[in-house]
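Heads up: the structure comes next, in structure tokens.
Protein chains: 2
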Amino acid sequence: MLERFKVPIEDRVYVPLEKARSATEAVFKHAGLDDAGAKQCADVLITNDLRGVESHGISNQLRNYMRLYGEGKLNPRPDIKIVRETDTTALVDSDGALGIHVAPDAMRMAIAKARKHGTATVAVTKAGHLGGAGYHASLAAKENMIGQAMAGPGGTQTLPTVGAEPRFGTHPVAWAAPARNQPPFLFDIATTQVAGNKIQLARRVEADLEPAWIAGMDGEPILERVPVPETYYQLPFGGTRENSSHKGYGMMSMIDIMCNTMTGVGAGFLTGGGGQVFVATDIQAFIDLDEYFDWMDKFLEGLKNTKPAKGHDRVLYPGLSEWEETQERTKNGIPYHREVVEWFESYAAEIGVDVDLR
Amino acid sequence: MLERFKVPIEDRVYVPLEKARSATEAVFKHAGLDDAGAKQCADVLITNDLRGVESHGISNQLRNYMRLYGEGKLNPRPDIKIVRETDTTALVDSDGALGIHVAPDAMRMAIAKARKHGTATVAVTKAGHLGGAGYHASLAAKENMIGQAMAGPGGTQTLPTVGAEPRFGTHPVAWAAPARNQPPFLFDIATTQVAGNKIQLARRVEADLEPAWIAGMDGEPILERVPVPETYYQLPFGGTRENSSHKGYGMMSMIDIMCNTMTGVGAGFLTGGGGQVFVATDIQAFIDLDEYFDWMDKFLEGLKNTKPAKGHDRVLYPGLSEWEETQERTKNGIPYHREVVEWFESYAAEIGVDVDLR
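Each protein sequence line maps, in turn, to chains D and C. Under the numbering used here, the residue at position 146 of the first sequence is numbered 146, and the numbers go up by one with no gaps. To convert a position in the second sequence, counted from 1, into the numbering used here, add 1000.
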């Protein structure tokens, strides 16, 4: 993550991993989830926080989720149904569950089918927020498969290239692949220039946005550095047409087609979307694992040993710095913004749940 | 394609579709391919030319291909072997064939497996140039599936984000999806800021490159508009880190892993790469085709009816302008640069093949 998005040192409260985890489980249970569901949801948020992906951890998400459960917009005890199924595919109706509640099981279903048949794709409908695509893709990597996860949310945020009306959300996608001696590969992005939640985060830490990160309400990309404005639209990655924003726009479109059109949900900008897709591909269907791991370690080593350009310390590969952050935070705790910890404590007190975060 | 890449009007020679096709088939046959192979190769190049993707048509590719056949670096009569196979996957050794020669059959194999089981992934090794990923992805769309195609070439062109040594080629990827009343969706890109062959094209038509399209040999992105320099590196899409080039870099990495590491070829920058992957996903495994087509037409209509930003005529969706170009060129011929037609005629004369392009 760019430096400017980090919580300023003076605002940090370091919360030990297991305290953060049990407090999060407790509030999910209070929202009505069963033990396994609460455990699963907490694990997604805490894993994101450990990786340093604050935009998809407790800070930005937990209060939204609790509000939506409170308003009855998320179903804590979903009746999950398989609508259609083949050897290698399934369409799953998640009955209004939170994405982080049902997506891991959907990926596990894809993994089981891929183990038997080689590759598999499971799609989920009527689900809430995916909570970042990376967690779910990684489940496949842990089983020695290539994992892909993506979600097609609504369409009120992001403009198509040269458009002046929004047609997409942040339409996240992730791919994960295992390694033997190197930290695993995890490529996990919003297909916008910047994750929607990072804009909230920038607002909280009073960071500027870069040129061509957002557009005005007339659709024109804002080409200066600016603080987060009151109203704005997001742009597909690339930002402007000259800078390949049609590639971000195309990725969003592909994600929307697979998540929403292929599943019968209907385009995000017409229906609010909510489809999610999980793909698992078994490496051993192609080559032996030993051979794969030999090459994978060489590939990742080669990337991180690339000579950096002037002014840069080192070259990263996707997932490397998040893995390093995970080691650091597992040991020393997760540096939440004090405002987040205060919210968590006061929310827990309000609902009568005991939490201990300090 | 940006206006500047088009062949200037005064340099255009319009060649009728069927003349271009039979001349191209003739030179492939002369290179040693059998009738079906020559027909297949010509169809890929001509389809790209019809779509207006000159970078992957006759202009930039045919003479390279002929040179490589001449030098014995491509095998015109490959002995294609299935190395490993499951219900839904295959690893295919293409025995040094040109990518456009073997990739369509690999995608057809994926389609047949997906028809039976829901989804399938076929990987090809030891193949030459893919000739653009879009053609192959479209084969699945024509069979009412979602198609994906990608290739992991060598690693001498493109820098990782903030790197000063190249690790990738242009690592193309495409997704295609069918529609009923609207022109089909076809998202077909290089994961660089600009397709490598477009830089050759820019050189030929003396067009400038945009800021952050390329980097100097020290790895620093060139942030001005410049004519094509003698030597340069390419950048992942996004261009600079601030502008999300890590997203292009991550896509390239994922493509390299699936095409080269998962297939045992080994990283493009270590081995020269050459792996290719084709994925077909049967829409009917998820929903009925009628329902899919209803939503798909609404999705594509919604995109193209988006109000454009100031200074723009209309919003396109991936594949739309290429489809329009195909209608136009099928009727009026393909506008090749006269230098290309002259090369084609003199090459054909040299090898003693009769061609009629005018």
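No residue lacks a Cβ here, since even glycine has one placed at the ideal position from N, Cα and C.
Any Cβ of chain C closer than 8 Å to the Cβ of His337 of chain D would place that residue at the interface, and such an atom is absent. The Cβ of Met1254 of chain C sits closer than 8 Å to at least one Cβ of chain D. Residue-level contact check: Arg1051 of chain C does not touch chain D, since none of the beta carbons of chain D fall below 8 Å from its beta carbon. Thr1271 of chain C: member of the alpha helix (DSSP H) spanning 1268-1271, first to last residue.
Residues of chain D whose Cβ lies closer than 7 Å to the Cβ of Pro1318 of chain C are, in chain order, Gly250, Ser253. Tyr1232 of chain C has a beta carbon lying at 8 Å or more from every beta carbon in chain D.
Among the CB atoms of chain C, one or more fall inside 8 Å of the CB of Glu220 of chain D. For the set C:Ser1253, C:Ala1026, C:Phe1278, C:Tyr1014, the Cα lying nearest the Cα of Trp175 of chain D is the one of C:Ser1253.
Interface annotation, Gln1193 of chain C: in contact with chain D, CB-CB separation under 8 Å. Contact annotation: Lys1307 of chain C and Gly163 of chain D have beta-carbon atoms nearer than 8 Å. Where Phe168 of chain D is concerned, there is no enclosing alpha helix (DSSP H), because DSSP gives it neither an H nor an E.
Tyr135 of chain D has a beta carbon lying at 8 Å or more from every beta carbon in chain C. Taking 3 residues as the shortest admissible run, the region 1170-1248 of chain C contains the following complete beta strand (DSSP E) segments, listed from N- to C-terminal end: 1173-1177, 1185-1189. The alpha-carbon separation between Glu1206 of chain C and Val1355 of chain C amounts to approximately 29 Å. A residue is called buried when at least 16 other Cβ atoms come within 10 angstroms of its Cβ; Gln234 of chain D meets this threshold and is buried.
For the beta strand (DSSP E) assignment, the uninterrupted runs of no fewer than 3 residues enclosed by the region 275-315 of chain D are, from N- to C-terminal side, 275-282.
Within the region 80-116 of chain D, the runs of beta strand (DSSP E) at least 3 residues long that lie entirely inside it are, in chain order, 81-85, 89-93. Residues are counted here when their Cβ sits less than 8 Å from a Cβ of chain C; for the region 74-99 of chain D these are Arg84, Thr86, Asp87, Thr88, Thr89, Leu91, given in chain order. Apart from sequence neighbours up to five positions away, the residues of its chain that approach Pro183 of chain D with a beta-carbon distance below 8 Å are Leu300, Gly319, Leu320, Trp323, Glu324, ordered along the chain.
Listed in chain order, the positions of the region 236-248 of chain D with a beta carbon within less than 7 Å of a beta carbon of chain C are Phe237, Gly238, Gly239, Glu242, Asn243, Ser244, Lys247.
Within chain D, the residues placing a beta-carbon under 7 Å from that of Ile1189 of chain C are Lys247, Gly250, ordered along the chain. Annotated as distal: Tyr1065 of chain C and Leu1033 of chain C, with beta-carbon spacing of 8 Å or more. Contact check between the region 1126-1140 of chain C and the region 212-231 of chain D: fewer than three CB pairs, one atom from each, fall below 8 Å, which does not count as touching. Taking a Cβ-Cβ cut-off of 8 Å, the neighbours of Arg167 of chain D in chain C comprise Gly1302, Leu1303, Thr1306, given in sequence order. In the three-state scheme derived from DSSP, where H, G and I count as helix and E and B as strand, Met1258 of chain C is classed as helix. In the same chain as Glu165 of chain D, and ignoring 5 residues on each side of it, the C-beta atoms closer than 8 Å to its own belong to Leu159, Gly219, in chain order. Less than 8 Å separates the beta-carbon of Ala90 of chain D from that of Ile82 of chain D.
Between Leu201 of chain D and the set D:Lys19, D:Thr24, D:Leu50, D:Tyr336, the nearest pair of CA atoms involves D:Tyr336. For Ile146 of chain D, the closest Cβ of chain C is nearer than 8 Å.
The beta carbon of Gly1152 of chain C is closer than 7 Å to those of His1171, Ile1255, Asp1256, Cys1259, Asn1260, Gly1268, Gly1273, Gly1275 in its chain, skipping five residues each way along the sequence. For His1129 of chain C, the three-state secondary structure derived from DSSP is coil. Under the DSSP assignment, His30 of chain D falls in the alpha helix (DSSP H) whose first and last residues are 17-30.
The DSSP-derived three-state label of Val124 of chain D is strand. Minimum Cα-Cα distance from Lys310 of chain D among the listed residues C:Pro1221, C:Ala1179, C:Glu1210 corresponds to C:Pro1221. Taking 8 Å as the threshold, the shortest C-beta distance from Val1027 of chain C to chain D does not fall below it. In this chain, the alpha helix (DSSP H) harbouring Gln1040 of chain C covers 1035-1051.
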